[in-house]
Amino acid sequence: MAYDVVAIAAHPDDAEIICGGTLVKMVKKGYQVAIVDLTRGERGTRGTPEVRADESEEARRVMGVHHRENLAITDTEIMPTIEERNRLIAVIRRLRPRLVIAPYFEGRHPDHVQASRLVYDACFFSGLRNYPLPGEPARPHKILYALRHKEFVEPRLVIDITGEFQTKLAALRCHRSQFPAPEGTPPHGIYERVTTFAAFCGGLIGKKYAEAFYTREAVEVDDPLTLTVPSM
């Protein structure tokens, strides 16, 4: 089947961090939503691939996302090679997303940077009719690059997730191996950072919580009188 929104991220908890609220919101709106994790996160400091797979499935159910799969690219070795590109093209041609959400193309973690390039390349070549892979050509209409709390980038697009924020946090808490909070101890700092960043993004549009995105293209507005965020 064709999916409306597919988030493609490097590690099993990345989608929850960068765009979990937006995915929940799209599910609420009736869209078909999927997540593609590129690696199993097996070289991270905590957890095992099996544990992380269980956590990812639990988080998927919490968010209501319809489909989640893992390409099992070796963790820390994501590269936009022809082999990895072809594996992702096969997924894009099968899922046929209208919108792809990818990691921002600059950042501290090399896997996130390489994943962003891999997604861009795969989305482009997937649309070529004579590209030598099975399946009908499919190119997403739009790629949005999700920003995270470590990236000092002015967003081009901000989505209100006030009504979805607690579900986003609940999905993030499913990844217990990565963000442990033993009984009687303060919660892992990721929750504070995610909350602070979501509140900052929300403040940009006069909302409590939001997620921020970057788009390489201009955003068209048909009627400027429908713009909701007032000027200062």
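Counting in the numbering used here, the sequence shown runs from 10 upward without gaps.
All C-beta atoms, glycine included, are put in the ideal place defined by N, C-alpha and C.
If you're wondering where the values come from, they're calculated on a predicted model, not measured in any experiment.
For residue i versus residue j, is the C-beta distance shorter than 8 Å?
{"i": "Y218", "j": "T171", "result": "yes"}
{"i": "P89", "j": "Q123", "result": "yes"}
{"i": "L156", "j": "F222", "result": "yes"}
{"i": "R94", "j": "S186", "result": "no"}
{"i": "V230", "j": "L104", "result": "no"}
{"i": "I168", "j": "E220", "result": "yes"}
{"i": "F134", "j": "I98", "result": "yes"}
{"i": "A68", "j": "H158", "result": "no"}
{"i": "E64", "j": "P21", "result": "yes"}
{"i": "V74", "j": "I44", "result": "yes"}
{"i": "D13", "j": "R107", "result": "yes"}
{"i": "D84", "j": "G53", "result": "yes"}
{"i": "A18", "j": "P149", "result": "no"}
Taking the alpha carbon of residue i as the reference point, which residue from the options has its own alpha carbon closest?
{"i": "R96", "options": "R117, A227, V128", "result": "V128"}
{"i": "Q41", "options": "L32, R49, L47", "result": "L32"}
{"i": "Q35", "options": "F209, L236, P189, K177", "result": "Looking at the sequence shown, residue 35 is not Gln but Met. For the residues F209, L236, P189, K177, the minimum Cα distance to M35 belongs to K177."}
{"i": "P141", "options": "L166, R102, L47", "result": "R102"}
{"i": "M10", "options": "A81, G144, G56, L80", "result": "G144"}
{"i": "E2", "options": "V238, K151, C132, A180", "result": "The structure shown does not extend to residue 2, since the chain is modelled only from 10 to 241, so the question has no answer here."}
Give the DSSP bridge partners of residue i, in chain order.
{"i": "P112", "result": "A155"}
Can you tell me which of the three DSSP states residue i falls into?
{"i": "A81", "result": "strand"}
{"i": "R86", "result": "Note on identity: in this sequence residue 86 is Glu, with Arg being the wrong assignment. Coil."}
{"i": "A11", "result": "coil"}
{"i": "T48", "result": "strand"}
{"i": "A227", "result": "coil"}
{"i": "V42", "result": "strand"}
{"i": "H76", "result": "strand"}
{"i": "K177", "result": "helix"}
{"i": "R107", "result": "coil"}
{"i": "L240", "result": "The sequence given here has Ser at residue 240, not Leu. The answer is coil: DSSP assigns S240 none of H, G, I, E or B."}
Tell me which residue opens and which closes the alpha helix (DSSP H) that residue i is part of.
{"i": "D23", "result": "23-37"}
{"i": "A99", "result": "91-104"}
{"i": "A208", "result": "198-213"}
{"i": "H121", "result": "119-135"}
What are the boundary residues of the beta strand (DSSP E) that includes residue i?
{"i": "E220", "result": "219-223"}
{"i": "V15", "result": "14-18"}
{"i": "V167", "result": "166-169"}
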